[in-house]
Amino acid sequence: MKVEDVIIIGAGPAGLATAIQLKRYGVNPLLFEREQVGGLLRNANLVENYPGFPHGISGSRLVKLFARQATHFNVKVTDQEIIAIDYEQGLFQAKSRHRSYGSRIAVIATGTKPLLFTDLLIPEDLTESVFYEVHELLQVKEKCVAIIGSGDAAFDYALNLAKKNQVIMLNRGERPKCLPLLWERAQQVSNISYRNHTQVAKLTKDPTAGMLVDCQYPAGELQFHADYLLCAIGREARLDCLSETLLGQANTLEGQGVLYMVGDVKNGIFRQTSIAVGEGVLAAMKIYRYLKESA
Ligand SMILES: Cc1cc2nc3c(=O)[nH]c(=O)nc-3n(C[C@H](O)[C@H](O)[C@H](O)COP(=O)(O)OP(=O)(O)OC[C@H]3O[C@@H](n4cnc5c(N)ncnc54)[C@H](O)[C@@H]3O)c2cc1C
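Residue 147 in our numbering sits at position 103 of the sequence shown, and the numbers go up by one each step.
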């Protein structure tokens, strides 16, 4: 097995920034992506806090720019999911469904995965109408989308979808948890209706199309038709491919400068593109120094 200097798992903002900076040093990382370049950022309606875009930029456009920059530096993305990674005898061993890869250094930039909606069993005939990220729904128009959640992502999704659709937001809590600015914007959009204290109690396939959503709230019950359900009820670190042994050794390996966790995968609720990018660049700088010193 050929041994690489660096493998990077995940081509979201963190992994791409790591790869671009490494290429500038003349280091060729192997960068793996299980889905599409750009990661979670593809879902963002309007990114207003990434410097360089005075009027904001959509996540999909920013991702296109990241991808162009990566191409400019000849960053190659391997379209494979890493299903397992371990560390043995001084080397990382990563496996995809196709083959195994060995590497001296590993960068984990795997981001997060959605928390699943488990309040009730989703009927089998509706699973294809239930989503956890908005990018899969951005082509739909003149539909009704029910969104469960009340955080920044839920409101960002609502503002995005309401450009062409009706949106009904359901929050089982007593108030929205999003940025005040998003709440104010949503209130000005007639296509968005929002309810507190409202819990989905039942989903049934509508014989015509879509689904019937039954909800409960303190004063009674509510039923409405929706074409799609989008759940935005939180996210957690995507660490599935790391073996238990590797997770146990992570602190030591990070201390040795051979393992790097960058971006959302390690930042809890502090999930931002600029942080992910900054951590990617920092990791690449440390990696370059490590490779130079150990040459
Ligand atoms: C609706 C919404 C709005 C947002 N708005 C903003 C905003 O305005 N400003 C801002 O700064 N941030 C915003 N964000 C957050 C931003 O998208 C994230 O902080 C950023 O994408 C994190 O980058 P990352 O590279 O750490 O992780 P991710 O973007 O999650 O990328 C991880 C990548 O790794 C891949 N991957 C995971 N596991 C594997 C594996 N085993 N093998 C191969 N590939 C794998 C994934 O497919 C993914 O492409 C928003 C997010 C959402 C959802």
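The beta carbon of each residue, even a glycine, is placed where N, CA and C say it ideally should be. Source: prediction; values computed, not measured.
If the five residues before and after Asp200 are omitted, its C-beta is found closer than 7 Å to the C-beta atoms of Ala88, Asn89 and Leu226, all from its own chain and listed in chain order. An exposed status is given to Arg105, since fewer than 16 other beta-carbon atoms sit within 10 Å of its beta-carbon.
Within the same chain, Val189 and Val211 come within 6 Å of Leu205 by CB-CB distance, once the 5 residues on both sides are set aside. For Val244, there is no enclosing alpha helix (DSSP H); the enclosing beta strand (DSSP E) covers residues Gln243 to Lys249. Bridge partners of Pro158 according to DSSP: Arg279. Distances between the C-beta of Glu125 and the heavy atoms of ligand 1 include at least one below 8 Å. Counting only runs that start and end inside the segment 168-201, the beta strand (DSSP E) elements of at least 3 residues fall at 188-192. Burial check for Gln137: the Cβ neighbour count within 10 Å reaches 16 or more, so the residue is buried. Comparing C-alpha distances from Ser237 to each of Asn209, Gly96 and Thr248 shows the shortest one belongs to Asn209.
Given a length threshold of 3 residues, each whole run of the beta strand (DSSP E) inside the segment 71-144 is given here in chain order: 74-76, 128-132 and 135-139. When DSSP states are grouped into helix, strand and coil, Gly307 belongs to the helix group. Boundaries of the beta strand (DSSP E) around Gly264: Gly264 to Ala270.
Excluding five sequence positions before and after Gln243, the CB atoms of its chain that fall closer than 8 Å to its own CB belong to Asp163, Leu214, Arg216, Cys259, Gln260 and Tyr261, given in chain order. A direct Cα-Cα distance of roughly 22 Å separates Asp271 from Arg86. With a cut-off of 8 Å on Cβ pairs, the segment 246-260 is not in contact with the segment 228-237, counting fewer than three such pairs.
In the DSSP assignment, Arg219 falls outside any beta strand (DSSP E) and carries neither an H nor an E. Ala197 has its alpha-carbon roughly 27 Å from the corresponding atom of Tyr304. With a beta-carbon spacing of about 5 Å, Ala328 and Thr62 fall inside the 8 Å limit used to define contacts. Rounded to the nearest whole angstrom, the C-alpha separation of Ala294 and Asp130 is 10 Å.
In terms of Cβ geometry, Val306 and Glu323 form a close pair [threshold 9 Å]. C-alpha of Ile64 to C-alpha of Leu335: approximately 16 Å in a straight line.
About 7 Å separates the CB atoms of Ala276 and Ile192; that is less than 8 Å, so the two are in contact.
Linking Glu132 to His269 through their CA atoms gives a straight-line distance of about 54 Å. Note: Ile331 is not bridge-paired with any residue in the DSSP secondary-structure output. In this structure, ligand 1 has a non-hydrogen atom nearer than 8 Å to the beta-carbon of Asn87. The distance from the Cβ of His99 to that of Gln124 is about 37 Å, inconsistent with a contact at the 8 Å cut-off.
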